[in-house]
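Structure first, commentary second.
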Amino acid sequence: MLRKKRVRPKPPPSRQVEIFLEMMAAERGASANTIAAYGRDLGEFGVFMMRRKRNIEAAVAKNIQDYLAQLKSRGRATTTHARKLSVLKQFFQFLYAEHCRDDDPSAGIDAPKTGRALPKYLSESEVNKLLASAHSQEGATGTRITALVELLYATGLRVSELVGLPMAAISRDGQTVIVRGKGSKERMVPLSDPARDAIATYLELRPAFLIKDTPSNYLFPSKAKEGHLTRAGFTMLLKDLAAVAGIESKRVSPHVLRHSFASHMLAHGVDLRTLQQLLGHADISTTQIYTHVLEERLKTLVTRSHPLAK
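See below:
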């Protein structure tokens with residue numbers, strides 16, 4: 095007997111939530127992915143409140159505390175707990191600032207302490223294997239994956255930045271790429287020789303990815319509704335490439351390559367401020383997580399060089 099698919103209840107539409115999300119997009123430059131994630135988190139809390147026969151805007155501190163306790167009882171990760179509370183805090187701060195409420199029910203609720211995990215990254219030899227595998231691929235798809243991987247490892251772009259690059263992002267001389275990152279902030283990132291060569295070769299075969307010769311402003315056009323290669327599509331291509339290179343697919347993702355870029359740049363002497371600019375981090379504290387590479391180098395140097403270490 096077929097089981098009926100469980101239909102999740104949806105909270106009634108909230109005009110305040112819609113206005114909040116519009117503000118995040120217009121005033122803070124939040125990306126479409128961020129807006130969608132905020133909408134999901136607020137929708138989940140909205141369902142929680144609906145079951146208590148209250149609107150999301152009328153929540154009190156105990157409602158938020160009970161919601162967080164529910165997340166914990168269901169085994170949700172501490173990072174998830176912290177993220178959802180952050181969204182709620184921003185929403186209620188917005189309502190208070192706009193005089194939609196006389197108080198902020200989230201003000202006295204502290205986020206759980208989260209141990210910051212070190213970024214996962216590939217060794218330089220593993221990245222070289224990945225690049226070699228890309229270069230061994232034939233045809234238009236081979237030139238595209240080569241351009242994507244060379245470009246990602248040369249710049250450390252976020253995957254959404256990479257797949258959504260417009261043609262105009264590449265400078266006329268091919269030396270740099272202009273990236274529009276979080277908050278619509280632009281940054282200029284230099285390209286390596288291999289990345290420039292890979293892009294030049296790919297551009298000759300790029301028409302193969304256009305839909306019936308329909309013009310596209312994207313560097314990596316596709317048939318997807320977005321008009322360009324999707325994050326999921328690139329991730330699948332990357333995992334297939336990892337399998338060819340003899341690297342566990344689960345260890346490879348666009349973000350792992352971004353971490354690899356950052357870790358290897360630091361290991362070769364790039365300072366934190368420069369790395370912060372290249373990665374597009376608003377706060378250098380985000381970049382400082384990569385100093386684990388320097389710490390490992392120091393440990394190795396001490397172990398090899400200190401007279402008492404032998």
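In case it helps, our numbering puts the sequence shown at residues 95 to 404.
Where a beta carbon is used, it is the ideal one built from N, C-alpha and C, also for glycine.
In this text, all values refer to a predicted model and were calculated from it rather than measured experimentally.
Close Cβ partners of residue i (< 8 angstroms) along its chain, the five nearest in sequence each way excluded
| i | result |
| --- | --- |
| Thr174 | Leu165 |
| Arg122 | Gly277 |
| Ser265 | Val271, Ile272 |
| Gln159 | Ile203 |
| Pro315 | Arg300, Phe303, Leu304, Ile305, Gly321, His322, Leu323 |
Residues near residue i by beta carbon distance below 7 angstroms, same chain, minus five either side
| i | result |
| --- | --- |
| Ile129 | Leu115, Met118, Ala119 |
| Lys317 | Ile305 |
| Gly169 | none |
| Asp198 | Phe186, Gln187, Tyr190 |
| Ala153 | Met143, Pro199 |
| Val257 | Phe314, His322, Leu323, Thr324, Arg325, Phe328 |
| Thr381 | Leu366, Leu369, Gln370, Leu373, His375 |
For residue i, the three-state DSSP class (helix, strand or coil)
| i | result |
| --- | --- |
| Glu112 | helix |
| Glu121 | coil |
| Thr270 | strand |
| Ile203 | coil |
| Val283 | strand |
| Tyr215 | coil |
| Pro301 | helix |
| Pro309 | coil |
| Leu96 | Note that Leu96 scores a pLDDT of 49, beneath 50, so its modelled location is shaky; the value from the coordinates is reported in the next line. Of the three classes helix, strand and coil, the one that applies to Leu96 here is coil, per DSSP. |
Cβ-Cβ separation, residue j to residue i (assumed contact under 8 angstroms), whole Å
| i | j | result |
| --- | --- | --- |
| Val346 | Leu369 | In fact, because the Cβ distance is near 22 angstroms, the residues do not count as touching under 8 angstroms. |
| Leu313 | Leu259 | 4 angstroms |
| Ser254 | Arg367 | Contact doesn't hold; Cβ gap of about 24 angstroms is too wide. |
| Gln269 | Leu251 | That belief does not hold up - the Cβ atoms of Gln269 and Leu251 are roughly 16 angstroms apart, past 8 angstroms. |
Same chain, Cβ closer than 6 angstroms to residue i, five either side skipped, listed in chain order
| i | result |
| --- | --- |
| Ala205 | Ala176, Leu179 |
| Thr385 | none |
| Arg195 | Leu189 |
| Asp234 | The sequence given here places Ala at residue 234; Asp does not occur at that position. Excluding sequence neighbours, Ala234 sits near Leu299, Ala302. |
| Thr240 | Ala228, His229, Ala292 |
| Ser108 | Ile150 |
Minimum C-alpha distance to residue i - residue among the options
| i | options | result |
| --- | --- | --- |
| Glu218 | Ala376, Leu366, Ile378, Arg352 | Arg352 |
| Gln110 | Ala124, Val141, Phe142, Ile150 | Ile150 |
| Met261 | Arg274, Gly250, Gly340 | Arg274 |
| Leu224 | Glu255, Val243, Leu285 | Val243 |
| Leu246 | Phe188, Tyr132, Val350 | Val350 |
| Asn35 | Leu366, Phe355, Gly363, Gln371 | The requested residue 35 does not occur in the structure, where the chain is confined to residues 95 to 404. |
| Ala126 | Val364, Ile378, Glu320 | Glu320 |
| Tyr132 | Phe186, Thr172, Met144 | Phe186 |
| Gly374 | His358, Ile239, Arg281 | Arg281 |
| Ala337 | His322, Glu220, Ala124 | Glu220 |
| Asp291 | Ala248, Leu256, Arg252 | Ala248 |
| Leu182 | Tyr161, Ser167, Ala124 | Tyr161 |
| Ala339 | Lys156, Gln231, Gln269, Lys279 | Gln231 |
Any non-hydrogen atom of the ligand SAH closer than 8 angstroms to residue i Cβ
| i | result |
| --- | --- |
| Glu218 | Annotation note on the ligand SAH: not contained in the displayed structure, which lists no ligands. |
message: Please give me, in chain order, every unbroken run of the alpha helix (DSSP H) with length at least 4 that falls completely inside the stretch 229–267.
response: 233–249, 253–257
task: Would you list, in sequence order, the uninterrupted alpha helix (DSSP H) runs of no fewer than 4 residues that lie entirely inside the stretch 323–370?
output: 325–339, 348–361
task: Within the stretch 115–183, note down every full alpha helix (DSSP H) run reaching 4 residues or more, in order along the chain.
output: 126–144, 155–167
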